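Taking it in order: structure first as structure tokens, then the write-up.
Residue numbers (our numbering), protein chains in the order written: chain E, 1 to 309; chain U, 310 to 596.
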């Protein structure tokens, strides 16, 4: 029961504190068993295999619905789960730290408030990233297996119908292209970016909110409003031409700058219909996500820096 | 920063809280000033709601003072760096329930910049100090109140702070746990660590503190060295072992024959209920 003599003080860098806080938030959320939803996702992916509409006329349409369903259902479920996880997890962290008074013990250490906020946000994003990675892996595995099966069926039917070898090879290439490809990964990245923006918004709401429920409800509301952002921007642009009042125009402009246009992140529908996602689109989404994450993190810091806990 | 700077220097601290939209603000701390020198154990006592915890939170930068200033070893306590020298145990600490005792100390240690073998050794030392080595791999959510206070004390000391602030350290803890915490406070004092504690359990404060401040309705109404505050200056206490009634009678006669001296009270000194309790359970434990 002996205690050593006090030694000189230690000092952590901003980065190491943020990493410590993010890993802590990640562990906290994992131990709350949030990954259980992955079982539900697996069921959805497996279930999507059995929805093959009997509408095929020739080898080219055999199994096409199945591949489309797997992509559509999986990406849809990924988008839904990721948004729900990010909002609920972010809404849970800060209000809970205040309610449980664990925040005192953290802020009583030499931890700047910006480190705390960024660390918490990074923890949620790490959780979403790992969740998306696991779901992505499940989707890719299911799609890969099913693509092979579909190609086999198509080949059998095409040979039976006396298709020439070049036509069979061409069909195989076409089916392969609608299977696993990098476009899918771009869609998953778009989902992650959208969710990162949503988590940052939720973080800033949680800095002035008093409860998890309020933060969750307001965040979901902003999420839905974000899907109509394009309309506000349109109103501003048309208003300039039509001579709408300056106040309304600036209100619409402010709204469109402050609330992200979540419709832009919805690339899944286009992808399922085999519309390509270009590098330029991905670049724009990355820039946009960075802008909003930074904006809302700074807003959260501005509110939280003077908050009395 | 100068080494002779006070560990804590609170000057004319005022803290007001907004109430309703148009109502008058509630003044929780009113012109409180106090200085604690390095190595002292200072107790701030007062009833519930008197402003003790608010004073401590302002000192830790968790609340912004309405007026006045707080300094820790000469540095403004609003600045984050000042907390490098401070360990804090809040009232009824609730740590992250999903972490084990060992993980809890590792988390707080890393926040303070400790890592690798230094942190591992520090965790070992502290777990032994607070007698939680056997519970290091148990989740904090399953700890008793006394264990929570002890792991809280360990986390407060993780970065070798020169000042430890304890808010009601023995609140809700049984007499045995309470005694262990008081022993830990005395150990800290022996190591030259400054301790600033607040409590409404007066007897416990009396046992460990060098100086005491009494706060009531937000104002510091009395402050000074404990012995000076509680001593009755015009009385003298003599305690005699194995005195028979004849000896007591002779002493009483001497006092009566002395000019100006007056016998106030004779009788047997009493132990406290707490000491009796601790003695009995120790005896039971040994048998």
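All C-beta atoms in this analysis are idealised placements derived from N, C-alpha and C, irrespective of residue type, glycine included.
These numbers were taken from a predicted model, which means no experiment stands behind them.
Counted within 10 angstroms of its Cβ, other Cβ atoms place residue i as buried (16 or more) or exposed
i                      : result
residue 36 of chain E  : exposed
residue 291 of chain E : exposed
residue 418 of chain U : buried
residue 95 of chain E  : buried
residue 302 of chain E : exposed
residue 381 of chain U : buried
residue 73 of chain E  : buried
residue 554 of chain U : exposed
residue 147 of chain E : buried
residue 549 of chain U : exposed
residue 339 of chain E : Lying outside 1 to 309, the shown extent of chain E, residue 339 of chain E is not represented and no answer is given.
residue 333 of chain U : exposed
residue 443 of chain U : exposed
Neighbouring residues, chain U, relative to residue i (Cβ below 8 Å)
i                      : result
residue 310 of chain E : Residue 310 of chain E falls outside the range modelled here, since chain E spans only 1 to 309, and no answer is possible.
Range of the contiguous alpha helix (DSSP H) that encloses residue i
i                      : result
residue 340 of chain U : No alpha helix (DSSP H) holds residue 340 of chain U; the beta strand (DSSP E) holding it covers 335 to 345.
residue 503 of chain U : Looking at the DSSP string, residue 503 of chain U is not in any alpha helix (DSSP H); the run it does join, the beta strand (DSSP E), is 503 to 508.
residue 175 of chain E : 165 to 177
residue 113 of chain E : 113 to 160
residue 411 of chain U : 410 to 420
residue 498 of chain U : 484 to 499
residue 317 of chain U : Element bounds for residue 317 of chain U: not the alpha helix (DSSP H) but the beta strand (DSSP E), 317 to 326.
residue 445 of chain U : Looking at the DSSP string, residue 445 of chain U is not in any alpha helix (DSSP H), and its letter there is neither H nor E.
residue 284 of chain E : 279 to 304
Per-residue contacts from residue i into chain U (C-beta, under 7 Å)
i                      : result
residue 208 of chain E : Correct list: empty, because the minimum Cβ distance to chain U is about 15 Å.
residue 17 of chain E  : 420
residue 24 of chain E  : 416
Proximal chain E residues relative to residue i, where beta-carbon distance stays under 7 Å
i                      : result
residue 334 of chain U : None at all; the shortest Cβ gap to chain E is about 13 Å.
Residue-level contact to chain E via CB, residue i, 9 Å cutoff
i                      : result
residue 421 of chain U : yes
residue 371 of chain U : yes
residue 458 of chain U : no
residue 403 of chain U : yes
residue 323 of chain U : no
residue 427 of chain U : yes
residue 317 of chain U : no
residue 591 of chain U : no
residue 596 of chain U : no
residue 461 of chain U : yes
residue 527 of chain U : no
residue 381 of chain U : no
Rounded separation between residue i and residue j - CA only
i                      : j                      : result
residue 486 of chain U : residue 455 of chain U : 5 Å
residue 528 of chain U : residue 309 of chain E : 22 Å
residue 578 of chain U : residue 557 of chain U : 15 Å
residue 199 of chain E : residue 277 of chain E : 24 Å
residue 203 of chain E : residue 260 of chain E : 15 Å
residue 468 of chain U : residue 111 of chain E : 13 Å
residue 106 of chain E : residue 230 of chain E : 41 Å
residue 517 of chain U : residue 304 of chain E : 37 Å
residue 398 of chain U : residue 217 of chain E : 34 Å
residue 50 of chain E  : residue 81 of chain E  : 22 Å
residue 414 of chain U : residue 450 of chain U : 15 Å
residue 423 of chain U : residue 109 of chain E : 12 Å
residue 566 of chain U : residue 540 of chain U : 26 Å
residue 534 of chain U : residue 521 of chain U : 6 Å
residue 78 of chain E  : residue 471 of chain U : 50 Å
residue 293 of chain E : residue 287 of chain E : 10 Å
residue 393 of chain U : residue 420 of chain U : 10 Å
residue 177 of chain E : residue 68 of chain E  : 12 Å
Any non-hydrogen atom of the ligand ZN within 8 Å of residue i CB
i                      : result
residue 445 of chain U : This structure lacks the ligand ZN, and indeed carries no ligand of any kind.
Partner residues on chain E for residue i, Cβ-Cβ distance less than 9 Å
i                      : result
residue 417 of chain U : 105, 106 and 109
residue 468 of chain U : 9, 10, 109 and 110
residue 393 of chain U : 9, 10, 11, 109 and 110
Any chain U beta carbon closer than 9 Å to residue i
i                      : result
residue 287 of chain E : no
residue 13 of chain E  : yes
residue 28 of chain E  : yes
residue 68 of chain E  : no
residue 20 of chain E  : yes
residue 3 of chain E   : Legend: pLDDT at residue 3 of chain E = 43, less than 50; position of this residue unreliable, no value from coordinates given.
Closer than 8 Å at the beta carbon, the chain E residues around residue i
i                      : result
residue 484 of chain U : What residue 484 of chain U touches in chain E: nothing, since even the nearest Cβ is about 20 Å away.
residue 407 of chain U : 27, 28, 31 and 32
First through last residue of the beta strand (DSSP E) which encompasses residue i
i                      : result
residue 17 of chain E  : Residue 17 of chain E -> not in any beta strand (DSSP E); alpha helix (DSSP H) instead, spanning 14 to 31.
residue 474 of chain U : 472 to 476
residue 101 of chain E : Neither: residue 101 of chain E is in no beta strand (DSSP E) and is coded neither H nor E.
residue 351 of chain U : 350 to 354
residue 522 of chain U : 520 to 525
Chain U contact residues for residue i, given Cβ-Cβ distances below 9 Å
i                      : result
residue 101 of chain E : 399, 400, 401, 402 and 403
residue 308 of chain E : 326, 366, 371, 372 and 373
is_contact[residue i, chain B] using C-beta, thresh 9 Å
i                      : result
residue 513 of chain U : Among the protein chains in the structure shown, which are E and U, there is no chain B.
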